[in-house]
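Participant: Protein chains in written order, with our numbering: chain A, 239 to 562; chain B, 239 to 562.
Glycine residues also receive a C-beta, built at the ideal position from the N, C-alpha and C atoms.
Since we're looking at a predicted model, the values are computed, not measured.
(1) Quick check: the Cα distance between residue 249(A) and residue 242(A), rounded to an integer number of angstroms?
(2) Can residue 360(B) and residue 376(B) be called in contact, C-beta distance under 7 Å?
(3) Cα separation between residue 289(A) and residue 384(A)?
(4) With 8 Å as the C-beta to C-beta threshold (strictly closer), list the residues of the region 429-455 of chain B near chain A in chain order.
(5) For residue 360(B), list the residues DSSP reports as bridge partners.
(6) With C-beta atoms as the reference, is residue 348(B) less than 7 Å away from residue 386(B)?
(7) To the nearest whole angstrom, what separates the beta carbons of residue 433(A) and residue 459(A), a pair I think is in contact under 8 Å?
(8) Which term fits residue 270(B), buried or exposed, when burial requires 16 or more other beta carbons within 10 angstroms of its beta carbon?
(9) Output the distance between the C-alpha atoms of residue 441(B) and residue 493(B), rounded to the nearest integer angstrom.
(10) Which one of 512(B), 449(B), 479(B), 300(B) has the shortest CA to CA distance from residue 286(B)?
(11) Is the separation between the beta-carbon of residue 245(B) and that of residue 284(B) shorter than 7 Å?
(12) Could you give the uninterrupted runs of the alpha helix (DSSP H) lying entirely in the region 460-516 of chain B, keeping only those of 4 residues or more?
(13) Would you call residue 543(A) buried or exposed, if buried means 16 or more other Cβ atoms sit within 10 Å of its Cβ?
(14) Go ahead and label residue 514(B) buried or exposed: buried means 16 or more other beta carbons lie within 10 angstroms of its beta carbon, across all protein chains shown.
(15) Hey, does residue 461(B) have any beta-carbon neighbour from chain A nearer than 7 Å?
(16) Using the three-state DSSP reduction, which class does residue 550(B) fall into: helix, strand or coil?
(17) Tell me, please, which residues DSSP counts as bridged to residue 436(A).
(18) Is the distance from the Cβ of residue 296(B) to the Cβ of residue 403(B) below 7 Å?
(19) For residue 293(A), which beta-bridge partners are listed by DSSP?
(20) What is the DSSP secondary structure of residue 251(A), reduced to helix, strand or coil?
(21) Name the residue from 400(B), 401(B), 482(B), 464(B) whose alpha carbon lies nearest to the alpha carbon of residue 436(B).
(22) Note down the Cα distance separating residue 320(A) from residue 292(A), rounded to an integer number of angstroms.
(23) Please report whether the beta-carbon of residue 340(B) lies at a distance below 7 Å from any beta-carbon of chain A.
(24) Quick check on residue 545(B): does DSSP put it in helix, strand or coil?
(25) CB-CB under 8 Å to residue 261(B), same chain, minus the five flanking residues each way: which ones, in chain order?
(26) What are the boundary residues of the alpha helix (DSSP H) that residue 259(B) is part of?
(27) Applying the criterion that 16 or more other CB atoms from any shown protein chain within 10 Å of the CB defines a buried residue, is residue 496(B) buried or exposed?
(28) What does residue 523(B) reach in chain A if we use C-beta pairs closer than 7 Å?
(29) Where does residue 402(B) fall in DSSP's three states?
(30) Let's see if you can read the secondary structure: which residues bound the alpha helix (DSSP H) around residue 272(B)?
(31) Considering only C-alpha positions, which residue in the set 479(A), 558(A), 406(A), 552(A) is nearest to residue 491(A)?
(32) Check whether chain B comes within 7 Å of residue 528(A), counting only Cβ atoms and requiring the distance to be less than that.
(33) Would residue 550(B) be called buried (16 or more neighbouring beta carbons within 10 Å of its own) or exposed?
(34) My guess is that residue 545(A) and residue 516(B) are in contact by the Cβ rule of under 8 Å, so how many angstroms apart are they, rounded?
(35) Checking 7 Å against the spacing of the C-beta atoms, do residue 380(A) and residue 388(A) come in under that value?
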């Protein structure tokens, strides 16, 4: 890591929208070194008052659905509407080099060279807080740096979707035409989580198929119970190549924003996200401290096996732990 | 509580299918007294080898869907197929007197007087392990007492469905005709959890409506991604009054059983249920011990408020705790 800055330098740099300082700050919060984490924690608390003023959009879809081209086209559309766009890509495999989702900025060829866009892979992996706590902190930093549209991208096959939903305001699912087949790749439950579905590649010979897929999905969504937000998910079609449908998607998100601001769900959701995150981190910290003893660790491993083999009940296992 | 028995008396009574001893044992495990809990824990570990040999069926649906009459008719059908049926009813409100789901045995008029059936409300509430750990232990006791069909009933509006799904093998959702409206009462996500849907009250003038609802639900399920079990949920219709459709429901559950035994999912799911339950109980126990200090409790309350108000980040809040 390059030389550390002081808190004041980080905060001044970020709030004056200096991208180079923003990048350094993200690197700092992603560091696993204890002394970096102390500084990172201090930084987050300091920029907190400058954060929060963006629309946080989670986007997912199976490989091949065209996430990169969609985000590239949608991001440019947002910028044309006078927004500043940050794209954070989560790789659930936690290996930066492997996933095509990461690193390769050229996959968003227009957005990656635009001065009002910021693209960054975001660290994940088995650290405290799971996949997303560092992504959440990265969102806060980006917001403090003036980005008012944050896109968090993930591949629609892992566990990370629920976690992304827990740090974003609007959850967008990209789908291909030919509803049915491509669902094989989507994890159960993700469709019910979506605030909006966009059928991609609605161009050329594919247009009619996309339109009928849209009708089918809209019909299927009708069978889903209403969400807590009171929002009824909408289905749109788009073509990233022909740059069509982007306005529809933005209109949908804006409509959702107004709807949830009006009924209070928007802030309620963010508040709950924070509370749940606190509880989760607290639980993990407790467990970490508890498991710092090798003796306890061995005990738990052994009990896990006994529970798995059905030799002892889960409740009996907890009772049998020597807590002293 | 009536006089306690010895472990041997409980175990001998239960394994010789003595219903009176079974009832006493359930009362014991539901007790909150520490000395009862010690005995209960010992009892569960002792009967564990006699448990496990039942089909555990979770049944839910909104009030008015006809759960009681369905379970009454379906239970009698099971008994006619030489099964022994235990019905455990969970009241998520944790107040035994309030819910119509509990207490009133006469709502299952045929089953409640049948010697091969056992109906019992099951304790819930804020105790260690949440709504269902005592229900899970009750299942184990019933299995040891020779019940090979366990029905766990819950109202389809609360959080308890996910928990019931975590202690049963097959999750059945009862639905009324006129798909759409009645979904209002069903919590988001429950439909995706269902291994089977049964449209109730398919009788009289309602038959055609039920048939078309069945087709609509089957079509909607087509849009759901396949579950981990590789099982495709089925939709049936039934009439508890005309006693029709019960065979279809049983055939579906048997088919699911064979399917998941064959691909290993059945035992895999039970194993995972135990492991997850152990982890959950462990987390709760840790938290309980951690929160036994009033000072820590006050600290957490204060931090919760700060997180909620956005004054401190969830991560900062955890960091700020004085762990010593």
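Facilitator: By the coordinates alone:
(1) In a straight line, the C-alpha of residue 249(A) is about 13 Å away from that of residue 242(A).
(2) Taking 7 Å as the cut-off, the beta carbon of residue 360(B) is found closer than this to the beta carbon of residue 376(B).
(3) Cα-Cα distance, rounded: 9 Å.
(4) Within the region 429-455 of chain B, those residues whose Cβ lies closer than 8 Å to any Cβ of chain A are, in chain order, 429, 430, 454, 455.
(5) In DSSP, residue 360(B) forms a bridge with 328(B).
(6) The answer is no: Cβ separation not under 7 Å.
(7) Residue 433(A) to residue 459(A), Cβ: 11 Å. No contact.
(8) Residue burial annotation: residue 270(B) is exposed, with fewer than 16 other C-beta atoms found within 10 angstroms of its C-beta.
(9) Separation of residue 441(B) and residue 493(B) (C-alpha to C-alpha, rounded to the nearest whole angstrom) is 25 Å.
(10) Nearest to residue 286(B) by alpha-carbon distance, out of 512(B), 449(B), 479(B), 300(B), is 512(B).
(11) Against a cut-off of 7 Å, the Cβ pair of residue 284(B) and residue 245(B) comes out as a contact.
(12) Taking only runs of at least 4 residues, the alpha helix (DSSP H) segments lying wholly in the region 460-516 of chain B are 484-500.
(13) Classified as exposed, residue 543(A) has fewer than 16 neighbouring CB atoms from the shown chains inside 10 Å of its CB.
(14) Result: exposed.
(15) At least one chain A Cβ lies under 7 Å of residue 461(B).
(16) When DSSP states are grouped into helix, strand and coil, residue 550(B) belongs to the coil group.
(17) In the DSSP output, where bridge partners are listed per residue, residue 436(A) has 412(A), 474(A).
(18) Going by C-beta atoms, residue 296(B) is nearer than 7 Å to residue 403(B).
(19) DSSP output for residue 293(A) lists 387(A) as bridge partner(s).
(20) Residue 251(A): helix per DSSP, three-state reduction.
(21) In terms of Cα proximity to residue 436(B), the closest of 400(B), 401(B), 482(B), 464(B) is 482(B).
(22) Cα to Cα, the separation comes out at about 13 Å.
(23) The predicted position of residue 340(B) is uncertain, since its pLDDT is 44 and thus under 50; a value taken from the coordinates is nonetheless stated next. Not an interface residue.
(24) The answer is helix: DSSP assigns residue 545(B) an H, G or I state.
(25) So the list reads 358, once near-sequence residues are dropped.
(26) Unbroken alpha helix (DSSP H) run through residue 259(B): 257-268.
(27) With a 10 Å radius around the Cβ and a threshold of 16 neighbouring Cβ atoms, residue 496(B) comes out exposed.
(28) Residues of chain A passing the Cβ test: 556.
(29) When secondary structure is reduced to three states using DSSP, residue 402(B) falls in the helix class.
(30) Membership of residue 272(B) in the alpha helix (DSSP H) is indicated by the continuous run 272-285.
(31) Residue 406(A) is the option with its Cα nearest to residue 491(A).
(32) At least one beta carbon of chain B lies nearer than 7 Å to the beta carbon of residue 528(A).
(33) Buried, since its Cβ has 16 or more Cβ neighbours within 10 Å.
(34) The Cβ separation is near 5 Å, so the contact holds.
(35) For residue 380(A) and residue 388(A), yes; Cβs fall inside 7 Å.
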